[in-house]
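A.B. asks: Here's a structure for you.
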Amino acid sequence: MIERRNRSGAGLHDPILEKLGMEIAAGELPAGHVLTLDGIQERFSVSRTVAREAMRILESMGLVESRRRVGITVRPIADWNVFDPKVIWWRLSGPDRGAQLRTLTELRIAVEPLAAGAAARAATAAQRARVVELAALLRTLGEAADLAEFMERDVEFHELLLQASGNEMFGALAEVVAAVLRGRTQLGLMPHKPVPEAMDLHDAVAAAIAEGRCAEAETAMRALLVEVRTAMLPGLVPWSPRDPPPWSTTLWRLMSCDPPLWVPRCCARRFPSCALPHPTACNLL
Numbered sequence: 016m017i018e019r020r021n022r023s024g025a026g027l028h029d030p031i032l033e034k035l036g037m038e039i040a041a042g043e044l045p046a047g048h049v050l051t052l053d054g055i056q057e058r059f060s061v062s063r064t065v066a067r068e069a070m071r072i073l074e075s076m077g078l079v080e081s082r083r084r085v086g087i088t089v090r091p092i093a094d095w096n097v098f099d100p101k102v103i104w105w106r107l108s109g110p111d112r113g114a115q116l117r118t119l120t121e122l123r124i125a126v127e128p129l130a131a132g133a134a135a136r137a138a139t140a141a142q143r144a145r146v147v148e149l150a151a152l153l154r155t156l157g158e159a160a161d162l163a164e165f166m167e168r169d170v171e172f173h174e175l176l177l178q179a180s181g182n183e184m185f186g187a188l189a190e191v192v193a194a195v196l197r198g199r200t201q202l203g204l205m206p207h208k209p210v211p212e213a214m215d216l217h218d219a220v221a222a223a224i225a226e227g228r229c230a231e232a233e234t235a236m237r238a239l240l241v242e243v244r245t246a247m248l249p250g251l252v253p254w255s256p257r258d259p260p261p262w263s264t265t266l267w268r269l270m271s272c273d274p275p276l277w278v279p280r281c282c283a284r285r286f287p288s289c290a291l292p293h294p295t296a297c298n299l300l
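Last residue of the sequence shown? That's 300 in this note's numbering, and every number before it is there in order.
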């Protein structure tokens with residue numbers, strides 16, 4: 016069956032790229048499957064030049080390999096550029112979504128706490144001010160249930176931390192983190208309204224970075240990502256004693272120093288379900 020596409024305008028290869036990329040990521044075109052330019056031309060009713068350009072891009076992502084007298088062969092997942100934002104999106108959109116979310120979240124847990132700690136040490140004054148602004152803005156947007164704008168500012172928050180770390184390897188992962196954050200919202204994997212715990216932890220991370228407290232920034236970021244992992248993958252990745260403690264205990268440790276390393280905005284007056292473990296905790300507000 017021929018899939019008709021609009022021949023006018025730029026980016027004629029985009030529909031082919033999206034369709035074949037999704038099919039490869041979903042396993043509908045498994046490793047070893049052979050495509051031909053003639054077959055792609057017929058299926059999508061495009062010129063050979065357009066078909067070749069789509070294959071060139073897929074080849075640059077490691078999804079296919081072109082060989083003379085063989086054709087265009089789908090490569091195994093081990094050969095894919097799994098950090099390419101398009102590959103991430105295709106995998107998140109497919110039946111293997113759970114595994115992709117798990118691996119991306121594990122990557123974030125491994126990297127972002129260290130990046131937050133480094134940002135507390137290396138960030139510029141402008142970056143420190145902006146991260147505090149973003150945390151406050153995230154709370155406002157979250158409480159208003161403005162998920163689209165919350166997503167964009169959350170992307171900016173996490174990208175800023177990676178870039179402010181002073182580590183170019185961390186900074187290079189900004190697009191990967193942006194892809195998973197946008198994917199969560201676009202695929203309907205975010206709650207209708209971000210939970211107070213997540214916003215409190217964004218505040219904790221921002222405050223620690225602004226004040227140059229490396230260990231506390233790392234601890235709060237790790238707690239934030241464990242909360243994300245638990246929310247997204249409750250059946251796949253249960254909490255274990257090797258993980259950081261639940262968010263309320265982690266925040267209590269930040270609060271219990273003399274003077275407190277961080278004071279939360281939430282309290283029993285605003286959130287009756289406040290889980291802070293000490294009855295006088297909210298008196299710190």
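Note that beta-carbon positions come from the ideal geometry of N, C-alpha and C, so glycine has one too.
Considering only residues of the same chain and omitting the five flanking positions on each side of T64, which have a CB-CB separation below 8 Å?
C.D. replies: Here the set comprises nothing.
A.B. asks: Can you tell me which of the three DSSP states L177 falls into?
C.D. replies: helix
A.B. asks: So, helix, strand or coil for G86, using DSSP?
C.D. replies: strand
A.B. asks: Between A246, A135, A223, V49, which lies nearest to Q178 when the distance is taken from Cα to Cα?
C.D. replies: A135
A.B. asks: Can you tell me whether E226 is helix, strand or coil according to DSSP?
C.D. replies: In the structure shown, E226 falls within a coil segment according to DSSP collapsed to helix, strand and coil.
A.B. asks: How is S75 classed by DSSP in three states: helix, strand or coil?
C.D. replies: Helix, per DSSP.
A.B. asks: Considering Cα atoms alone, identify which of G86, D53, R58 is closest to G47.
C.D. replies: Closest option to G47, judged by alpha-carbon separation, among G86, D53, R58: G86.
A.B. asks: Would the stretch 100 to 119 count as touching the stretch 223 to 243 if we require 3 or more Cβ pairs under 8 Å?
C.D. replies: No contact exists between the stretch 100 to 119 and the stretch 223 to 243.
A.B. asks: If you count every other CB in all the chains shown that lies within 10 Å of the CB of V203, and 16 or more means buried, which is it?
C.D. replies: The amino acid occupying residue 203 in the given sequence is Gly; Val does not appear at that position. Exposed, because fewer than 16 other Cβ atoms sit within 10 Å of the Cβ of G203.
A.B. asks: Roughly how many whole angstroms lie between the Cα atoms of V195 and D218?
C.D. replies: 21 Å
A.B. asks: Looking at the unbroken alpha helix (DSSP H) that takes in G157, where does it start and where does it end?
C.D. replies: 140 to 158
A.B. asks: Write down the C-beta distance between F98 and V191 rounded to the nearest angstrom, noting that I regard them as a contact closer than 8 Å.
C.D. replies: With 8 Å as the limit, F98 and V191 qualify as a contact, their Cβ atoms being about 5 Å apart.
A.B. asks: Do you know how far the Cα of V61 is from the Cα of V126?
C.D. replies: Taking the straight line from one Cα to the other gives about 43 Å.
A.B. asks: Measure the Cβ-Cβ separation of L176 and A238 and say whether it is below 8 Å.
C.D. replies: no
A.B. asks: According to the Cβ coordinates, are S180 and A133 closer than 8 Å?
C.D. replies: yes
A.B. asks: Who are the near neighbours of R197 in its chain, counting only those whose CB is closer than 7 Å to its CB and skipping five residues on each side?
C.D. replies: M166, V170
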